[in-house]
Amino acid sequence: MPKIVVDVMPKAELLDPQGKAVAGALARLGNDAFTGVRVGKRFELTVDGPVDGDVLAAVRQIADDLLSNSVIEDVVGISVVDETGTHDGVSASGALA
Amino acid sequence: MTRVGVVTFPGSLDDRDAQRAVRFAGAEAVALWHGDHDLQGVDAVVLPGGFSYGDYLRCGAIASHSPIMREVVSAAERGVPVLGICNGFQMLTEAHLLPGGLIRNDHGSFICRDQVLRVENASTAWTSAYEVGQEITIPLKNGEGGYIASAETLERLEGEGLVAFRYVDVNPNGSLNAIAGVTNERGNVVGLMPHPEHAIEAGFGPDTKVAMRSGVDGLAMFTSALQSLLAV
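So the sequence lines, in the order shown, correspond to chains A and B.
To convert, count from 1 in the first sequence and add 190; that's the working numbering.
To convert, count from 1 in the second sequence and add 736; that's the working numbering.
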């Protein structure tokens with residue numbers, strides 16, 4: 191069954207306290223090669239039939255209305271993963287907003 | 737008698753405290769249920785604190801799409817007073833009834849303290865029993881109470897007097913401009929992170945200089961709504 195993957199990240203200009211906490215843990219573990227960490231979310235939506243334009247339009251709408259809050263987050267990617275597991279990037283709808 | 741609805745969501749914690757605050761202010765508290773489409777004809781609505789739907793997705797996000805919230809949004813648009821406390825404030829921003837959003841505290845920890853606030857706008861439905869500039873002490877308890885908004889929104893909030901409450905002395909969660917609560921243009925919708933319903937009865941409120949746990953500064957938020965409804 192095809193899967194549609196929606197990636198959401200906290201807005202770049204906003205503080206990401208979760209990422210800051212992870213960065214702190216990395217530093218404590220001696221991983222000093224990383225200068226920053228940001229934590230986002232990945233949603234996997236499964237559909238029964240083919241992923242056509244209507245489905246993708248619906249996903250873009252859902253991504254903006256429910257999966258993300260445009261005040262604090264950006265939708266950074268929407269992609270389709272087929273049965274074989276290959277990724278097919280569709281668009282970064284955050285750029286459309 | 738004025739009837740004030742308090743909505744219970746799965747994961748609400750302070751709904752009964754809010755109902756009690758409503759009764760202390762002299763109104764009838766009406767229990768409302770998140771899954772209903774019925775506001776039971778109440779005159780005002782309180783969205784209480786807690787962790788609705790386990791804070792899944794984002795704080796208040798799933799609650800903001802619950803059946804009762806559709807009714808709350810249309811009531812708010814008709815001018816019905818709506819107060820969102822803590823998780824209720826998060827719901828009001830998610831429902832776009834109030835501008836901005838709430839994110840995890842900048843220091844990363846849950847915080848619980850008696851917090852001093854300054855009343856910045858005393859002409860809303862929920863603040864009219866206070867004076868502008870009055871300092872009040874009510875409990876604050878949150879993990880995701882950092883108020884944020886775009887630079888333009890902040891400028892508009894400050895310029896139009898839509899900041900209802902501001903943190904004094906300590907900014908406990910990294911809120912921009914130390915904003916603790918905001919109102920909409922009409923002044924009927926107010927949201928804040930601290931909990932007025934926990935400072936309504938001597939013996940159970942924050943400590944004051946006079947006596948332990950004698951703080952009742954939160955009660956005026958509820959009496960404000962009653963007065964504003966009677967004034968209409």
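Ideal Cβ positions, reconstructed from N, Cα and C, are used throughout, including at glycine.
What you are looking at is a predicted structure, and each value in this text was computed from that prediction instead of being measured.
A253(A) sits close to V196(A), with the two beta carbons spaced by under 9 Å.
In the three-state DSSP reduction, G214(A) falls in the helix class (H, G or I).
Runs of alpha helix (DSSP H) with 4 or more residues, each lying fully within the segment 886–913 of chain B, are found at 887–895, listed in chain order. Assignment of beta strand (DSSP E) within the segment 749–796 of chain B, counting only whole runs of 3 or more residues, yields 764–769 and 780–783 in chain order.
Under the three-state reduction of DSSP output, G824(B) falls in the helix class.
Under the criterion of beta carbons closer than 8 Å, G836(B) and T919(B) do not qualify as touching, at roughly 12 Å. The beta carbon of A831(B) is closer than 7 Å to those of S800, M805 and V809 in its chain, skipping five residues each way along the sequence.
Put simply, the CB of P835(B) is near chain A, with a gap under 9 Å to one of its CB atoms. One finds N259 in chain A with Cβ atoms closer than 8 Å to the Cβ of E830(B), taken in chain order. Nearest to F233(A) by alpha-carbon distance, out of R250(A), D222(A) and G243(A), is R250(A). Between N841(B) and P200(A), the beta carbon gap of about 14 Å keeps them out of contact (Cβ cut-off 8 Å). Between the segment 786–795 of chain B and the segment 755–762 of chain B there are fewer than three inter-stretch CB-CB distances shorter than 8 Å, so the stretches are not counted as touching.
Distance from A861(B) to P817(B) at the Cβ level is roughly 4 Å; contact confirmed, criterion being Cβ atoms closer than 8 Å.
Residue contact check for L216(A) against chain B: no CB pair falls below 9 Å. From the listed residues K945(B), H931(B), S964(B) and V952(B), the smallest Cα separation to R752(B) is found for H931(B). For the pair F846(B) and N909(B), the Cα-to-Cα distance works out to about 9 Å. Burial check for S859(B): the Cβ neighbour count within 10 Å stays below 16, so the residue is exposed. Within chain A, the residues placing a beta-carbon under 9 Å from that of G910(B) are L205 and P207, ordered along the chain. Excluding the 5 residues flanking it on each side, I936(B) has same chain C-beta neighbours closer than 6 Å at A757, F760, V952, G954 and L955, in chain order. I262(A) and H843(B) have their C-alpha atoms spaced approximately 18 Å apart. Annotated three-state conformation of R228(A) is coil, per DSSP.
For A211(A), at least one C-beta of chain B is nearer than 9 Å to its own C-beta.
From the listed residues V743(B), I872(B), E813(B) and V782(B), the smallest Cα separation to F958(B) is found for V782(B). For the options V266(A), V241(A) and D242(A), the alpha carbon positioned closest to that of A202(A) is the one of V266(A). Taking all protein chains in view, the Cβ of R922(B) is surrounded by fewer than 16 other Cβ atoms within 10 Å, so the residue is classified as exposed. By alpha-carbon distance to I874(B), the top candidate from I821(B), L828(B), S911(B) and T829(B) is I821(B).
Among the residues facing chain B, I262(A) is included, as its CB has a counterpart in that chain under 9 Å away. As a beta-bridge residue in DSSP terms, P875(B) pairs with D850(B). Per the coordinates, the alpha-carbon of N878(B) lies some 44 Å from the alpha-carbon of P240(A).
In its chain, beyond the 5 residues on either side, A812, G815, V816, P817, V818 and A861 have a beta carbon closer than 7 Å to the beta carbon of N924(B).
For the pair L928(B) and G917(B), the CB atoms are nearer than the 9 Å cut-off. Contact note: L256(A) reaches chain B through L793, A797, I798 and H801, using a C-beta cutoff of 9 Å and chain order. Between N823(B) and V270(A), the alpha-carbon positions lie close to 34 Å from each other.
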